[in-house]
Each structure stands twice: as structure tokens, then as C-alpha cells.
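Comments concern the structure below.
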Amino acid sequence: MNVDVIELSESRAQFVLSGVSSAFANALRRSMMAEVPSLAIDDVNIYENTSVLYDEVLALRLGLIPLRTDLDLYVLRSECKCEDGCPRCQVSLTLSVEGPKTVYSGDLQSSDPKVVPTETDIPIVKLKKDQKLVLEAIARLGKGKDHAKWQPAVACGYKNLPKIVISGCDRCGACVDVCPKNILKLNETVVVKDEIKCSLCHLCEKACESGAIKISADPASFVFSVEADGSMPCMEMVLRAADEIKKKAKALTKSLSGVT
Amino acid sequence: MVYKCTGCKRVVEINSEYGGVRCPYCGHRVLLKERGTIIKRVKAE
Amino acid sequence: MGEIKILRKTKQELELELKGEDHTFLNALKSALLQNEGVKIATYDIEYPGISDPVLYVRTKDTDPIEALKDASALLSKQCDEFKRKFKKKAQ
């Protein structure tokens with residue numbers, strides 16, 4: 029197994045994972061999307077709502093706001109010892125506004141200063157004069173497989189590592205013009221600028237009359253592109269995804285130990 | 526049950542002896558049901 | 805998670821249900837099982853997607869399928885550790 033990190037920031041990551049089965053790569057991808065928990069508003073207690081939106085629509089919009097999540101501080105409700113909600117498994121956010129005003133995610137007042145909306149300028153509803161909104165939102169940890177609001181990865185995918193082989197090029201330049209990613213350049217022969225950007229569309233192969241360019245994909249190398257919603261740093265999300273798979277493997281080993 | 530007349534904005538009671546729905550103050554026929562005082566819990570999904 | 809139900813077990817065959825799991829774990833587990841020379845068949849089925857729990861079927865040449873399964877799951881957690889270690893190292 030080999031890992032090469034190409035890009036890594038708070039919200040984006042790109043890395044090449046090679047020497048693993050496609051099953052493992054896919055498990056990692058699925059784990060990021062559906063198994064890594066994150067915080068999202070789950071229940072909304074509405075005290076007053078004279079806005080133009082129905083309570084349910086408002087609650088849905090609140091639910092989809094990404095919240096900054098520290099997974100060391102919170103546990104899933106199903107794994108919490110309490111019966112109906114405690115500071116270990118839920119956070120309360122309050123919203124109390126009066127029009128005329130556009131209500132933004134930044135108007136939510138959290139009971140835990142660490143758990144705040146990742147973006148403060150997500151519009152929730154526009155209020156006219158005399159319209160009022162008073163509510164308490166309960167945020168909980170959850171998994172992406174239960175609802176998309178708990179998905180820490182907004183985009184996560186991989187492709188096989190492209191391999192471009194050029195031999196016997198006659199410098200016609202047809203492949204350079206046709207490449208949608210502009211990764212080919214005409215020097216002495218055609219050279220590849222950024223192999224990893226190739227989308228494996230094979231257009232250059234079709235344009236090349238002499239058959240000098242060959243595109244293939246390495247079946248054991250995967251170029252991952254990961255984008256996080258900001259609830260946790262990209263790096264933590266990727267590592268937690270591996271943790272979740274490991275947790276499952278460990279749990280299976282444990283329950284198999286009693287079987288003969 | 527309390528209603529609000531959309532014509533004169535006054536709070537009115539509906540008189541069941543009178544067959545139709547009508548505001549006793551201004552005669553307006555459109556009455557709105559006000560939101561209750563209970564706290565409503567909705568699921569964010 | 806981790807709860808299993810053995811549906812059938814012979815010397816070379818094993819059929820078990822893994823509660824609460826899905827393709828995420830099962831496909832990786834299946835592939836890890838197939839990397840073992842002693843495993844003849846490893847496959848799984850989710851009868852009603854989204855409702856049923858997956859049923860894993862393992863047939864070995866002559867080893868105990870439970871042992872093969874333990875090895876596969878150990879391989880998976882080893883792979884996860886390796887990935888984490890290498891990712892952390894390269895991220896610096």
C-alpha cells in the first residue's frame with residue numbers, strides 16, 4: 029500500500045492510494061460518505077413562527093446547516109448512556125429573531141461555543157415587519173447513511189490512476205486539440221503535462237490516426253478527491269473513515285471469538 | 526376556539542347557532558385560525 | 805454493529821448474517837477473504853436492499869471458515885492502520 033497526498037486543506041483533499049483492492053478503496057469512500065458521524069440539527073422546538081415558511085420546511089432548512097463537530101466530545105445517541113438527551117449526545121441552539129430581517133445561520137445561538145454553523149451566511153428565511161421566529165434546535169450526532177444532513181463529505185469519489193503512453197508520435201497535434209482537460213502539449217513529440225488530471229475519456233486515442241497514444245488506467249491505484257462540508261477538517265474525516273472500517277472489523281472478530 | 530377576522534383583525538369566537546361563519550363585529554366572512562400556544566416539536570428531515 | 809447470526813456451519817462452509825452492515829464492510833470483507841488461498845468461495849447477498857441484513861457465504865478448501873473470516877477481518881483492520889499511518893506521514 030502506498031499513499032501520496034497531492035492536496036490537503038481544511039475543506040479539500042486529493043490523494044493517490046495505490047496497492048489496494050478496489051473493494052478497500054470503495055469501502056473507504058463509502059465510509060466517508062455514510063459512516064463518519066457529524067453533528068446536525070435533528071429536532072426543532074418551535075415556540076413562535078409567523079414567517080412565511082411552514083414549521084416543517086424551516087426545520088428541514090435548519091437540519092441541512094453543517095455544524096462544526098468535535099467527535100471526541102460527543103457520542104451517538106444510540107451509544108449514550110442517558111435516556112433522553114444529555115450534554116454528551118446533544119447540543120441546543122436557539123434562534124430568536126424579529127423582522128424585518130433575513131435570518132442567517134450565524135443568528136443561531138449555540139449552548140456550546142465549539143458547536144457553531146460552519147458558515148455564518150446561509151440564509152434560513154426572510155422576515156417582513158412584525159414577523160417573528162423563536163425556536164430551539166437540538167443537534168445530534170448521526171451518520172450519513174441515515175440522512176444526508178449527517179454526511180461530513182459533500183463530495184467524495186475516486187478514479188483509477190490514468191496512464192498515458194506515447195510512442196511513435198508523428199507530431200500531428202490532433203490529440204492536443206481534442207483533449208478536454210488540456211493536459212497534452214506538443215514539443216518534440218506530444219508530452220503529458222498533468223497525467224492525474226486525465227478523465228480517461230479516450231478522445232485523444234480516437235483522434236490519433238497513427239495509434240501512437242495509449243490511455244489506460246491502473247486497476248490498483250486510486251485518485252481520491254474528497255470535499256468536506258466543514259464540520260471537521262478533511263484529514264480527520266479521512267482518518268475517521270478508516271477508523272470506522274476498523275471498528276467494524278474489530279467488532280466482527282470479537283463476535284466470532286465466541287463461535288466454534 | 527379563537528379565530529381572527531381578516532377584515533377587522535379582531536379576535537372572534539365562532540357562534541355555532543349561526544349557520545355560517547361570520548365576524549360579529551364587521552360581518553366579514555373570512556376568519557383565520559390562530560396558532561396555538563403549545564410548543565411544536567418537528568423533526569428536521 | 806458486530807452482532808452476527810450463524811445460519812449454517814459445516815467443516816468447510818459458513819453462512820452468517822451480519823446485523824446492521826452493508827456493502828461498505830461486506831464488499832471489503834469479501835475481497836479480503838478471496839485473497840486467502842484457502843478460500844474457495846466468498847460472496848454475500850442483501851436480499852431486500854435497505855431492509856435486509858447481508859448474508860455472507862464462505863466456502864474453504866479444507867480450513868475452518870471461521871478462521872478464514874477472522875484472518876480476513878484482521879487483514880482489513882491491518883490495512884486501515886497502514887492507511888492511517890501512511891496518510892498521516894504524507895500529510896505533514
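Going line by line, the protein sequences match chains P, G and R. Counting in this note's numbering, the first sequence runs from 29 upward without gaps. Counting in this note's numbering, the second sequence runs from 526 upward without gaps. Counting in this note's numbering, the third sequence runs from 805 upward without gaps. Glycine included, C-beta positions come from ideal geometry on N, C-alpha and C.
query, result
"Grab me the residues of Asp149 (chain P)'s own chain with a C-beta within less than 6 Å of its C-beta, minus the 5 sequence neighbours each way, in chain order.", "Tyr132"
"In this structure, how does DSSP classify Ser881 (chain R) when only helix, strand and coil are distinguished?", "helix"
"Per DSSP, what kind of secondary structure is Lys157 (chain P) in: helix, strand or coil?", "coil"
"Taking the alpha helix (DSSP H) that Ala51 (chain P) belongs to, which residues open and close that run?", "Ser50 to Ala62"
"Could you please give the first and the last residue of the uninterrupted alpha helix (DSSP H) stretch that includes Lys234 (chain P)?", "Leu231 to Ala235"
"Within 8 Å (strictly less), CB to CB, does Ala878 (chain R) reach chain P?", "yes"
"Ignoring anything shorter than 3 residues or poking outside the stretch 219-277 of chain P, list the beta strand (DSSP E) runs there in chain order.", "241-256"
"When DSSP labels each residue in this structure, what does Ile194 (chain P) get in the three-state scheme?", "strand"
"Below 8 Å on the Cβ atoms is my contact criterion, and I expect Glu821 (chain R) with Ile808 (chain R) to pass it. Report the Cβ-Cβ distance as a whole number of Å.", "7 Å"
"Roughly how many angstroms lie between the CA atoms of Gly544 (chain G) and Tyr550 (chain G), to the nearest whole one?", "17 Å"
"Applying a beta-carbon distance threshold of less than 9 Å, which residues of chain R neighbour Ala256 (chain P)?", "What Ala256 (chain P) touches in chain R: nothing, since even the nearest Cβ is about 14 Å away."
"Compare the C-beta of Thr828 (chain R) against all C-beta atoms of chain P and say whether one is closer than 8 Å.", "yes"
"Our contact map puts Tyr75 (chain P) next to Leu163 (chain P) with C-beta atoms below 8 Å; I'd like the distance itself, whole angstroms only.", "6 Å"
"Are the stretch 210-227 of chain P and the stretch 266-278 of chain P touching by the rule of at least three beta carbon pairs closer than 8 Å?", "no"
"Using the beta-carbon of each residue, which ones in chain R are nearer than 7 Å to Val31 (chain P)?", "Phe887, Lys890, Phe891 and Lys894"
"In or out: Lys225 (chain P) buried (at least 16 other Cβ within 10 Å) or exposed?", "exposed"
"For Leu753 (chain R), list the residues DSSP reports as bridge partners.", "Residue 753 (chain R) lies beyond the residue range present for chain R, which begins at 805 and ends at 896; the question has no answer from this structure."
"When you compare only the Cα positions, how much space is there between Lys160 (chain P) and Leu81 (chain P)?", "11 Å"
"What residues in the stretch 64-80 of chain P have a beta carbon less than 7 Å from any beta carbon of chain G?", "Ile69, Asp70, Asp71, Val72, Asn73, Ile74 and Tyr75"
"Please go through the same chain and pick out, in chain order, the residues whose beta-carbon is closer than 7 Å to the beta-carbon of Ala167 (chain P), but skip the five residues on each side of it.", "Leu67, Ala68, Ile69, Asp70, Leu95, Gln118, Val119, Leu121 and Val143"
"Taking buried to mean at least 16 other C-beta atoms within 10 Å of its own C-beta, is Thr864 (chain R) buried or exposed?", "buried"
"Can you give the Cα-Cα distance for Arg535 (chain G) and Glu825 (chain R), rounded to whole angstroms?", "59 Å"
"8 Å is my cut-off, CB to CB: does Glu586 (chain G) come that close to chain P?", "What is shown of chain G runs 526 to 570, which leaves residue 586 (chain G) out entirely."
"What residues in the stretch 269-284 of chain P bring their beta carbon closer than 8 Å to a beta carbon of chain R?", "Ala270, Asp271, Ile273, Lys274, Lys275, Lys276, Ala277, Lys278, Ala279, Leu280, Thr281, Lys282, Ser283 and Leu284"
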